[in-house]
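Enquirer: Residue numbers (my numbering), protein chains in the order written: chain A, 1 to 356; chain B, 1001 to 1356.
Even for Gly, the Cβ is constructed at its ideal location relative to N, Cα and C.
Bear in mind the structure is a predicted one, so any value in this text is a computation, not a measurement.
Once you've had a glance at the structure underneath, I'll fire off some questions.
2 protein chains.
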Amino acid sequence: MRIAVVGVGLIGGSVGMAARRRLNAEVRGYDADARVLELARERGAIDQASPDVASAVGDAELAFVAVPVGALGERIDEILAAAPPDCVVTDVGSTKHTIVAGRSDQRFVGGHPLAGAETAGVEHAREDLFQGATWYLTPTSTTSGVLYERLHRALTSVGAQPAAIDPDTHDRLMASVSHLPHVLANVLVTQAANVLLEGGEAMPATGPSFRDATRVAGANGAIWTDIYLSNREALMAGLDDTVRRLEAVRGALEAGDAPAVASWNEEARAHRQALLETGLAGGPVHELRASVPNRPGVVADIALALGRAGINIVDMALSPSTDFSRGVVALWVHGDANAARAQELIAGLGIAVTRA
Amino acid sequence: MRIAVVGVGLIGGSVGMAARRRLNAEVRGYDADARVLELARERGAIDQASPDVASAVGDAELAFVAVPVGALGERIDEILAAAPPDCVVTDVGSTKHTIVAGRSDQRFVGGHPLAGAETAGVEHAREDLFQGATWYLTPTSTTSGVLYERLHRALTSVGAQPAAIDPDTHDRLMASVSHLPHVLANVLVTQAANVLLEGGEAMPATGPSFRDATRVAGANGAIWTDIYLSNREALMAGLDDTVRRLEAVRGALEAGDAPAVASWNEEARAHRQALLETGLAGGPVHELRASVPNRPGVVADIALALGRAGINIVDMALSPSTDFSRGVVALWVHGDANAARAQELIAGLGIAVTRA
């Protein structure tokens, strides 16, 4: 298969590597930055560096547009104009409504792989970036069935799990599970910094709640400004909904309405449990909390003990005490039997452990 | 020293254990639940179970009140009435304004140890729960200096780091670094659940942002309803501030004001960096991201390699891919040299690793 990749950064470069090695495709690449293009060739992300978009896509059967969100619309139109009539063109932008709404060309299918959002650059590209990753596709009533099927098959071959979704639902979903959490993390760190500054306080031991909630604060500005703006409709709707919900909680607090606060909290607990379990194999996820001395190697001991027993750790969070002399390791594992066995194994290391 | 502990759950029980073993104190305990009281005695948390509050505190030099927040005020008054004139009385409630404002007895000092918020029950009590933990104290102009000093010394002896703070600042700080993050986590999971339900979507790979931001959602309702309500003034003010900030971001998004969004994000980045570094020894914290196959043992390999080199892991977050076939391990370590060395060591395991 002849594949064109326009924009050979982390995502484009990884698409090229995976397509060359797993699809045996011939990959032509183009990038506005000549040094990036050369690096992509050196790293084996593309077979051939094209001098312009037209020669990259001139005889392609499949074209990936992997340029920054701000430049995406223009590039897609340029590629649709230059590509053959039977070439499927797809993008990898993190929001879809704006990109898809204006384009009825039967060759275009919007796309969004859930991978690699945290780093950038072809130097981090790798063949297996999409292994196991959900790759959203947004076909419309004008999309060619044959071309959609070609794209779907290619994505499966590079290890991804294609999933068709309506563009608006996609954008609301991303606002909810990615963009809003980033916005709230930003707000939380700024609030905390202001309270501390005003009170002349040094930062206390930040508990797990604060560290977890703000881990993504101030994410890569070059990428995230584009992401926020490109999904601004769904994000604004999400923010409005957040404000409404915060005001509802505020109302319950002001009224001192303990049953309302308790049931609101209980609702969140049920939702979190449901979200953790949706789409995961192996039964419900259980949380274990181990209290450990914060010496190097103690996490390794736990991970090794579980590893030997074949118990995989779904998620993990370390919460050190102020002076880092000890901490709590929260572990999430699948299934009742695994949780019970993991608890035994950790206790067997002389480490206090409880089911949360 | 003769110490009374009223309420012998996780915190009270741990105070008792630490006081007995580290202070060589004689500890009398009382709990409204006779079974809990008996368990505390069996576990060595107290020397003697008292039949009522008065006999527990009758000849105490130091009394800890470790009952649920909702019952705190009444218990403190009861204990102040029964305790000798030279007994210092302190509580461990997570909010301080309401408790402190009404009490001018020179024997009373409000307190709040930052430890153990995630579990409950004397069965989890342990001698070293407070080792290295910040323990806030809220002395006022009426507090006896001699009694404050006695309390301060006792807390240091059980391993804690006492820190005096104004009650209002304390409550705003807790609202900011603990209670607000919990509220926002609850809101985020409920929003996501609604979007998914409405769209008929299965949960996609939730990125690190969503998992991190919602890890504390639906925290123990019995404890947290009390915490939210007892700090409702500061929490409502925090919520108002959150709403104002969200509306400011919304405005920038609506106006399509990229520079405003970028500088807001940059501000958050600077604040997060400052918060991570405040009060931490060993230089700035660096984030490494390792891309790993999600097999049992791989986290152990990394932790072991760093452990052997004496590099401590300050914080860690695992982000699995959809099918759990691989994932990204984010690691935070102190100092430039440690970060560079850790990167070498992880790369030496054949694992792709980048500095974020």
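Is there a C-beta anywhere in chain B that falls below 8 Å from the one on A:P181?
Expert: Yes, A:P181 counts as interfacial toward chain B.
Enquirer: Considering Cα atoms alone, identify which of A:V27, A:V36, A:A54 and A:P68 is closest to A:I227.
Expert: Checked all of A:V27, A:V36, A:A54 and A:P68; the closest Cα to A:I227 is A:P68.
Enquirer: Would you kindly check if the distance between the Cβ of B:R1269 and the Cβ of A:G9 is under 8 Å?
Expert: Not in contact: A:G9 and B:R1269 (Cβ atoms no closer than 8 Å).
Enquirer: So, are the CB atoms of A:L173 and A:T214 less than 8 Å apart?
Expert: Going by C-beta atoms, A:L173 is not nearer than 8 Å to A:T214.
Enquirer: Can you confirm whether B:L1349, when its beta carbon is compared against all beta carbons of chain A, has any partner nearer than 8 Å?
Expert: With 8 Å as the cut-off, B:L1349 does not count as an interface residue toward chain A.
Enquirer: Could you check if B:V1089 is buried or exposed, using at least 16 other CB atoms within 10 Å of its CB as the buried criterion?
Expert: B:V1089 is buried by the Cβ-count criterion.
Enquirer: For B:I1011, which residues from the same chain have a beta carbon less than 6 Å from its beta carbon, with the 5 sequence-adjacent residues on both sides left out?
Expert: Only A1066, V1092 and G1116 meet the Cβ criterion.
Enquirer: Taking the runs of the beta strand (DSSP E) that are 3 residues or longer, which of them lie wholly in the stretch 231–316 of chain A?
Expert: With a minimum length of 3 residues, the continuous beta strand (DSSP E) runs that stay inside the stretch 231–316 of chain A are 285–293.
Enquirer: Check whether the stretch 153–170 of chain A touches the stretch 124–138 of chain A, taking contact to mean three or more Cβ pairs, one atom from each stretch, closer than 8 Å.
Expert: In short, these stretches touch, since the Cβ pair count reaches three.
Enquirer: Return the CA-CA distance between B:G1016 and B:I1099, expressed in angstroms with no decimal places.
Expert: Approximately 22 Å between the Cα atoms of the pair.
Enquirer: Please work out which residues of its chain come closer than 6 Å, Cβ to Cβ, to A:H179, disregarding the five sequence neighbours upstream and downstream, and give them in chain order.
Expert: Hits under 6 Å: N231 and L235.
Enquirer: Looking at the structure shown, is A:G29 part of a helix, part of a strand, or coil, going by DSSP?
Expert: Here A:G29 sits in strand by DSSP.
Enquirer: Is it the case that the stretch 45–54 of chain A contacts the stretch 20–35 of chain A, given that we only count it when at least three CB pairs across the two stretches are under 8 Å?
Expert: Yes, the stretch 20–35 of chain A touches the stretch 45–54 of chain A.
Enquirer: Between the alpha carbons of A:I76 and A:L151, how many angstroms are there, rounded?
Expert: A:I76 and A:L151: Cα-Cα distance of roughly 16 Å.
Enquirer: Measure from the C-beta of B:G1009 to each C-beta in chain A and report whether the shortest distance is under 8 Å.
Expert: So no, B:G1009 is outside the interface.
Enquirer: Using DSSP with H/G/I as helix, E/B as strand and the rest coil, what is A:R41?
Expert: It is helical.
Enquirer: List the residues of chain A that B:D1241 touches, going by C-beta distances under 7 Å, in chain order.
Expert: Here the neighbours are Q191.
Enquirer: Mind pulling the chain A residues with CB within less than 7 Å of B:Y1148?
Expert: Simply none; closest approach about 19 Å.
Enquirer: Would you tell me roughly how many angstroms separate the C-alpha atoms of A:H97 and A:G111, rounded to the nearest one?
Expert: Distance between the alpha carbons of A:H97 and A:G111 is about 11 Å.
Enquirer: Quick check on the DSSP output: the alpha helix (DSSP H) that includes A:L23 runs from which residue to which?
Expert: Element bounds for A:L23: n/a, residue is neither H nor E.
Enquirer: What are the partner residues of A:Y136, as DSSP defines its beta bridges?
Expert: BP columns for A:Y136 point to A:H112 and A:A163.
Enquirer: Is the shortest distance between the beta-carbon of A:N338 and the beta-carbons of chain B less than 8 Å?
Expert: False, the Cβ-Cβ gap to chain B never drops below 8 Å.
Enquirer: Under the rule that 16 or more other beta-carbon atoms within 10 Å means buried, what is B:E1247, buried or exposed?
Expert: Exposed, because fewer than 16 other Cβ atoms sit within 10 Å of the Cβ of B:E1247.
Enquirer: For a quick check, are the C-beta atoms of B:R1002 and B:A1060 less than 8 Å apart?
Expert: Contact flag set, yes.
Enquirer: Could you work out which residue in A:F130, A:P113, A:L62 and A:A18 is closest to B:V1292 when comparing CA atoms only?
Expert: For B:V1292, the nearest C-alpha among the options comes from A:F130.
Enquirer: Against B:V1195, what residues of chain A qualify as contacts under a CB-to-CB distance less than 7 Å, listed in chain order?
Expert: Those are R172, L173 and S176, listed as they occur along chain A.
Enquirer: Compute the distance between the beta-carbons of B:V1298 and B:I1313, then report whether it is under 8 Å.
Expert: For B:V1298 and B:I1313, no; Cβs fall outside 8 Å.
Enquirer: When burial is assigned at 16 or more other CB atoms within 10 Å of the CB, is A:S104 buried or exposed?
Expert: Exposed is the call here.
Enquirer: Opposite B:V1015 in the DSSP bridges: which residues?
Expert: Note: B:V1015 sits in no beta bridge, so no partner.
Enquirer: Under DSSP, the beta strand (DSSP E) around B:T1090 begins and ends at which residues?
Expert: Here the beta strand (DSSP E) through B:T1090 covers V1088 to D1091.
Enquirer: Of all the residues that make up the stretch 1215–1230 of chain B, which are near chain A by a beta-carbon distance shorter than 9 Å?
Expert: Answer set for the stretch 1215–1230 of chain B: R1215, V1216, A1217, G1218, A1219, N1220, G1221, A1222, W1224, T1225, D1226, Y1228 and L1229.
Enquirer: Hey, could you find the ends of the beta strand (DSSP E) A:A352 is sitting in?
Expert: Its beta strand (DSSP E) spans residues A352 to R355.
Enquirer: According to DSSP, what are the bridge partners of B:L1151?
Expert: In DSSP, B:L1151 forms no bridge with anything.
Enquirer: Who are the near neighbours of B:R1341 in its chain, counting only those whose CB is closer than 8 Å to its CB and skipping five residues on each side?
Expert: Excluding positions up to five away in sequence, the list reads A1309 and I1311.
Enquirer: Measuring alpha carbon to alpha carbon, tell me which residue in B:L1196, B:A1262 and B:A1040 is nearest B:G1121.
Expert: Nearest of B:L1196, B:A1262 and B:A1040 to B:G1121, Cα basis: B:A1040.
Enquirer: Count the other CB atoms within 10 Å of the CB of A:T354; is the residue buried (16 or more) or exposed (fewer)?
Expert: The residue in question, A:T354, is buried, as its Cβ has 16 or more Cβ neighbours within 10 Å.
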